[in-house]
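As numbered in the numbering used here, the sequence shown has no gaps in its residue numbers, which increase by one up to the final residue, 609. For glycine and all other residues, C-beta sits at the position ideal for the given N, C-alpha and C.
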Amino acid sequence: MAATSGPATAPDAAARGATTPGGTTAVGVRTAVVWVPDWPVVAALAGAGLDAHVPAAVLGARSGGGSGAGHSVVAVSAVARAQGVRRGMRRRQAQERCPEVALLPADDARDAREFEPVALAAETVVAGLEVARPGLLLLPAGGAARYHGSELALAQALVGAVAARTGYESQVGVADGLLAAVLAAREDAVVPAGGSAAFLADRPVGELVHAVCDPAGVAAVREAAGLWWRLGLHTLGDLAALPAPSVQARFGDLGTWAQRLARGEDLRPPARRRVEEDLAVAEELDPPALRVDVATFAARRLATALYDLLTARGLACGRLRITARTTAGADLGGDDVGGDAEGAVLERVWRTDDGAAGGMSAARITDRVRWQLEGWLTAASARRGGSGTDPVVAPIAHLALAAEEVVPATTHQPGLWGADAGEGERARRALGRVQGLLGGHAVLTVELQGGRGPRDRVRLVPFGTEGGAGRDPDLPWPGALPSPAPAGLPDDPVPARVLDAAGHDVVVDARLAMSGEPAAVVCGRDPGGPGAREAASVTGWAGPWPLAERWWAAGGGARRVYLQAVLDDGRALLLAQSGGRWQVEAFYD
Numbered sequence: 021m022a023a024t025s026g027p028a029t030a031p032d033a034a035a036r037g038a039t040t041p042g043g044t045t046a047v048g049v050r051t052a053v054v055w056v057p058d059w060p061v062v063a064a065l066a067g068a069g070l071d072a073h074v075p076a077a078v079l080g081a082r083s084g085g086g087s088g089a090g091h092s093v094v095a096v097s098a099v100a101r102a103q104g105v106r107r108g109m110r111r112r113q114a115q116e117r118c119p120e121v122a123l124l125p126a127d128d129a130r131d132a133r134e135f136e137p138v139a140l141a142a143e144t145v146v147a148g149l150e151v152a153r154p155g156l157l158l159l160p161a162g163g164a165a166r167y168h169g170s171e172l173a174l175a176q177a178l179v180g181a182v183a184a185r186t187g188y189e190s191q192v193g194v195a196d197g198l199l200a201a202v203l204a205a206r207e208d209a210v211v212p213a214g215g216s217a218a219f220l221a222d223r224p225v226g227e228l229v230h231a232v233c234d235p236a237g238v239a240a241v242r243e244a245a246g247l248w249w250r251l252g253l254h255t256l257g258d259l260a261a262l263p264a265p266s267v268q269a270r271f272g273d274l275g276t277w278a279q280r281l282a283r284g285e286d287l288r289p290p291a292r293r294r295v296e297e298d299l300a301v302a303e304e305l306d307p308p309a310l311r312v313d314v315a316t317f318a319a320r321r322l323a324t325a326l327y328d329l330l331t332a333r334g335l336a337c338g339r340l341r342i343t344a345r346t347t348a349g350a351d352l353g354g355d356d357v358g359g360d361a362e363g364a365v366l367e368r369v370w371r372t373d374d375g376a377a378g379g380m381s382a383a384r385i386t387d388r389v390r391w392q393l394e395g396w397l398t399a400a401s402a403r404r405g406g407s408g409t410d411p412v413v414a415p416i417a418h419l420a421l422a423a424e425e426v427v428p429a430t431t432h433q434p435g436l437w438g439a440d441a442g443e444g445e446r447a448r449r450a451l452g453r454v455q456g457l458l459g460g461h462a463v464l465t466v467e468l469q470g471g472r473g474p475r476d477r478v479r480l481v482p483f484g485t486e487g488g489a490g491r492d493p494d495l496p497w498p499g500a501l502p503s504p505a506p507a508g509l510p511d512d513p514v515p516a517r518v519l520d521a522a523g524h525d526v527v528v529d530a531r532l533a534m535s536g537e538p539a540a541v542v543c544g545r546d547p548g549g550p551g552a553r554e555a556a557s558v559t560g561w562a563g564p565w566p567l568a569e570r571w572w573a574a575g576g577g578a579r580r581v582y583l584q585a586v587l588d589d590g591r592a593l594l595l596a597q598s599g600g601r602w603q604v605e606a607f608y609d
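Structural data, given as structure tokens:
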């Protein structure tokens, strides 16, 4: 732990005003940040039971989305980084640099669940902390620094508590304002009071991304940083020097959010009137929830209700407080838990992005509640000597959510028409209500997975969840059908006949020799009987492509031949021959 250069200051000094390049007075609250480097990798290694010295990387979806998006490295351990593995690399590039690297999947729920013991350890030193995101904690430094004697002593106490209780290495930074404290933690430094603006001035504008609390807002901040760079605003000092009204007019709330952080200020200006009252929703669970997934259904209803309250009033919140109470006599064993005749009470605060970098939707609120429930119950199970995999520890009888630091949402309202007019959000709420009535598996959605045939590449998962257990679509699948993929699949393959110009059945032998060129296709449950659909002429065709899977298995595995055909009635079909019989596997637009 080191202090940045600057005049010596009292370690318990309150936040003071500092004149920014724009001529305004910045007032930043002394904030301490606990950061566990490479947390997604640390959590993945812990979840997989691997040693911390194993070179490892976490794979996540590459930006850009779409069915063609693959996976790239999103987090790297220090051991793998020393061997040349870097963020943004593809799987094969990472394996070329370090053949023994352990490639682990990204999992937000796992990251939050494994981070709960770190939060519990930090709470033994400072009360009232906030979870900005898994791997990053925010906490007030003023009173805690006075208690421990200095901000440096506070940082040392936090690092020691986390190491002693969890075994993880952490870094602590103290500064005025959120961004300066986060970047100070990445350098393991204490920034003197009033020095945040100078500490930030020469840093690239892209470092604003480190202050984003919700991963969903990272893309928006990176896009804005790229725009500012092209406009000549290369450093945070350049952005801070602009007149605040001009930034607000040109870049909206995201620009104001970024400029306040660049100046070393707090996320919100001082209130010049009474702030909005906190909004809260709560529900008694009768019967008490015995499992996390059951409690999550109640959390989804509460999240929707809280989101509706915020949107109806045109508000956004800066913090989300999650409170759970277990049944009488239950004890989850945490140092932050109070137990009495009514049961144990658990509470945790999550920092949000206030709407500037994406806001908090009902789905995002639900995710945080689910992660927190898993973190509490899994950590409690481990303290009781369990394996940590069984989430059933104590029935949850009461669940409450509160939106704190509520401020007007200003421009962050749905559009009157177009893609952001709210139809998608309303549809998600409706499907969530159906799930609440009929159960999680009553509403299913399609998820892409690895495979060779069209039916192998899709799987159904409950709406609103990530399956995570399917085959990796980014792996090589020799013999897979060429792009584009079919647009639809019939409920069951439809029997068919492929005929040549003489009306004879087209057959593909073991050497892929065709008995004749396809000239017509007849589809139907009995394509050779009286109920068969009238034959459609083939105007174009491609193939055949052979596929032999698991030929070494008992029974010979699966062997079939694919053929694409365009018919004169406008249909485009994917046909498959197996055992001498043709059937329609899929169709194209």
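Open item on the list: Using the Cβ count rule (16 or more neighbours within 10 Å means buried), how would you classify His168?
Closed with: As a position in the sequence shown, residue 168 is number 148, starting the count at 1. With 16 or more Cβ atoms within 10 Å of its Cβ, His168 is classed as buried.
Task: Three-state secondary structure assigned by DSSP to Ala382 - done: Position 362 of the sequence shown, counted from the first residue, corresponds to residue 382. Residue state, collapsed to three classes: helix.
Open item on the list: Going residue by residue through the stretch 109-195, where are the continuous alpha helix (DSSP H) segments of at least 4 residues, counting only ones entirely within it?
Closed with: 111-117, 128-143, 162-168, 171-186
- [ ] Report the three-state DSSP secondary structure of Glu537 (helix, strand or coil).
- [x] Residue mapping note: residue 537 aligns to position 517 of the sequence shown, counting from 1. Coil, per DSSP.
- [ ] Would you kindly work out how many angstroms separate the C-alpha atoms of Leu610 and Ala269, rounded to a whole number?
- [x] For residue 610 there is no data in the structure shown, the boundaries of the chain being 21 and 609.
Open item on the list: I'd like to check one pair, Pro308 with Ile416: are the Cβ atoms closer than 9 Å?
Closed with: Looking up residue 416 in the sequence shown gives position 396. Looking up residue 308 in the sequence shown gives position 288. Result yes, Cβ atoms of Ile416 and Pro308 sit closer than 9 Å.
- [ ] Would you list, in sequence order, the uninterrupted beta strand (DSSP E) runs of no fewer than 3 residues that lie entirely inside the stretch 225-261?
- [x] none
Open item on the list: Applying the 10 Å Cβ sphere with the 16-neighbour rule, what's the burial state of Arg112?
Closed with: Residue mapping note: residue 112 aligns to position 92 of the sequence shown, counting from 1. Exposed, because fewer than 16 other Cβ atoms sit within 10 Å of the Cβ of Arg112.
Open item on the list: Determine whether the beta carbon atoms of Thr262 and Val301 lie at a separation below 9 Å.
Closed with: As a first step, residue 262 must be located in the sequence shown, where it is residue number 242. As a first step, residue 301 must be located in the sequence shown, where it is residue number 281. Here residue 262 turns out to be Leu, not Thr, going by the sequence shown. Going by C-beta atoms, Leu262 is not nearer than 9 Å to Val301.
- [ ] Kindly confirm or deny that the stretch 148-155 and the stretch 126-135 touch, where touching means at least three C-beta pairs closer than 8 Å.
- [x] yes
Open item on the list: Classify Arg333: buried if its beta carbon has 16 or more other beta carbons within 10 angstroms, exposed otherwise.
Closed with: Here residue 333 corresponds to residue number 313 of the sequence shown, with the count starting at 1. Arg333 should be labelled exposed.
Task: Same chain, Cβ closer than 7 Å to Gly499, neighbours up to 5 away in sequence not counted - done: The residue you call residue 499 lines up with position 479 of the sequence shown. Excluding residues within five positions, the ones whose Cβ falls inside 7 Å are Arg472, Leu567.
Open item on the list: Can you look up Arg206 in the DSSP assignment and give me helix, strand or coil?
Closed with: Residue numbering aside, residue 206 sits at position 186 when the sequence shown is read from its first letter. Of the three classes helix, strand and coil, the one that applies to Arg206 here is helix, per DSSP.
Open item on the list: Using the three-state DSSP reduction, which class does Arg591 fall into: helix, strand or coil?
Closed with: Within the sequence shown, numbered from 1, the residue matching residue 591 stands at position 571. It is coil, neither helix nor strand.
TODO: Take Phe271 as the anchor and find which of Glu285, Leu251, Gly284 has the nearest alpha-carbon.
DONE: Position 251 of the sequence shown, counting from 1, holds the residue named residue 271. Selected option, being the one with the closest Cα: Leu251.
Open item on the list: Less than 6 Å between C-beta atoms, sequence neighbours within five positions excluded: which residues of the same chain meet that for Gly393?
Closed with: Here residue 393 refers to the residue found at position 373 of the sequence shown. Before going further, note that residue 393 is Leu rather than Gly in the sequence given. Here the set comprises Val312, Ala315.
Open item on the list: Please return the same chain residues whose Cβ sits closer than 6 Å to the Cβ of Ala505, not counting the five positions on each side in sequence.
Closed with: Stepping through the sequence shown from its first residue, residue 505 is reached at position 485. Closer than 6 Å at the Cβ level, and outside the excluded window around Ala505, lies no residue.
TODO: Starting from the C-beta of Val611, find all residues in its chain whose C-beta is less than 7 Å away, skip the five residues before and the five after it, and write them out in chain order.
DONE: Absent from the model: residue 611. The displayed extent of the chain is 21 to 609, so no value can be given.
Open item on the list: On the criterion of 16 or more Cβ atoms from any shown chain inside 10 Å, does Ala245 qualify as buried, or is it exposed?
Closed with: Sequence index remark: in the sequence shown, residue 245 carries index 225 (1-based). Flag for Ala245 reads buried.
Task: Rounded straight-line distance, which links the Cα of Val56 to that of Pro41 - done: As a first step, residue 41 is located in the sequence shown; it is residue number 21 there, counting from the start. As a first step, residue 56 is located in the sequence shown; it is residue number 36 there, counting from the start. Residue placement at Pro41 is poorly supported in this model, since its pLDDT is 40, which falls under 50; the coordinates are not used for a value here.
Open item on the list: Please identify the residue among Gln103, Leu70, Leu123, Gly69 whose C-alpha is closest to the C-alpha of Val93.
Closed with: As a position in the sequence shown, residue 93 is number 73, starting the count at 1. For Val93, the nearest C-alpha among the options comes from Leu123.
Task: Proximity to Gly148 [Cα-Cα], best of Ala98, Arg371, Gly215 - done: Counting from 1 along the sequence shown, the entry for residue 148 is found at position 128. Closest option to Gly148, Cα to Cα, is Arg371.
TODO: Determine the burial state of Leu523: buried for a count of at least 16 other Cβ atoms within 10 Å of its Cβ, exposed for fewer.
DONE: For the purposes of this step, residue 523 is taken as the residue at position 503 of the sequence shown. First, the amino acid is wrong: residue 523 is Gly here, not Leu. Counting Cβ neighbours within 10 Å, Gly523 comes out exposed, since fewer than 16 surround it.
Open item on the list: Just to confirm my understanding: we take Thr559, look at its own chain, exclude 5 residues before and 5 after, and list those with CB closer than 7 Å. What are they?
Closed with: Here residue 559 corresponds to residue number 539 of the sequence shown, with the count starting at 1. Taken in chain order, the residues that qualify are Val586, Leu587, Asp588.
Task: Residue range of the unbroken alpha helix (DSSP H) whose run includes Thr347 - done: One-based indexing of the sequence shown puts residue 347 at position 327. It is not in any alpha helix (DSSP H) - Thr347 carries neither H nor E in the DSSP assignment.
Task: Residues near Ala382 in its chain [Cβ-Cβ closer than 7 Å; skip 5 each side] - done: On the sequence shown, position 362 is the one that residue 382 refers to. Same-chain partners within the cutoff: Ala323, Thr324, Tyr327, Arg449.
- [ ] Select from Arg517, Ala278, Arg206 the residue whose C-alpha is nearest the C-alpha of Gly237.
- [x] In the sequence shown, the residue the question calls residue 237 occupies position 217. Residue Ala278 is the option with its Cα nearest to Gly237.
Task: Euclidean distance between Cα positions of Leu198 and Arg320 - done: Against the sequence shown, residue 198 aligns to sequence position 178. Against the sequence shown, residue 320 aligns to sequence position 300. Straight-line Cα distance between these residues: approximately 30 Å.
Open item on the list: Alpha carbons only, please: which of Pro482, Gln584, Tyr188, Arg477 is nearest the one belonging to Thr465?
Closed with: In the sequence shown, the residue the question calls residue 465 occupies position 445. When each option's Cα is compared against that of Thr465, the closest is Pro482.
Task: Backbone secondary structure at Asp71 - three-state DSSP - done: Reading the sequence shown from its first residue, position 51 is the one you call residue 71. Looking at Asp71 - three-state DSSP - the assignment turns out to be coil, as it is neither helix nor strand.
Task: Inter-residue Cα distance where the pair is Ala66 and Leu451 - done: Along the sequence shown, one-based indexing puts residue 66 at 46. Along the sequence shown, one-based indexing puts residue 451 at 431. Spanning the two alpha carbons is a distance of roughly 35 Å.
Open item on the list: Quick check: what's the CA-CA separation for Gly282 versus Leu247?
Closed with: Residue mapping note: residue 282 aligns to position 262 of the sequence shown, counting from 1. Residue mapping note: residue 247 aligns to position 227 of the sequence shown, counting from 1. It should be noted that the sequence gives Ala, not Gly, for residue 282. Approximately 16 Å between the Cα atoms of the pair.
Task: His91 beta carbon less than 9 Å from that of Asp476 - done: Stepping through the sequence shown from its first residue, residue 476 is reached at position 456. Stepping through the sequence shown from its first residue, residue 91 is reached at position 71. No; because the gap between Cβ atoms is not below 9 Å, this pair is not in contact.
Open item on the list: Can you look up Val62 in the DSSP assignment and give me helix, strand or coil?
Closed with: The sequence position of residue 62 within the sequence shown is 42, counting from 1. DSSP places Val62 in helix when its eight states are reduced to three.
Task: Per-residue burial, Val604 [other beta carbons within 10 Å of its own, 16 or more giving buried] - done: Position 584 of the sequence shown, counted from the start, is the residue given in the question as residue 604. So Val604 counts as buried.
Open item on the list: What does DSSP give as the partner residue(s) for Gly80 in the beta ladder?
Closed with: Numbered from its first residue, the sequence shown carries residue 80 at position 60. Its beta-bridge partners are Ser92.
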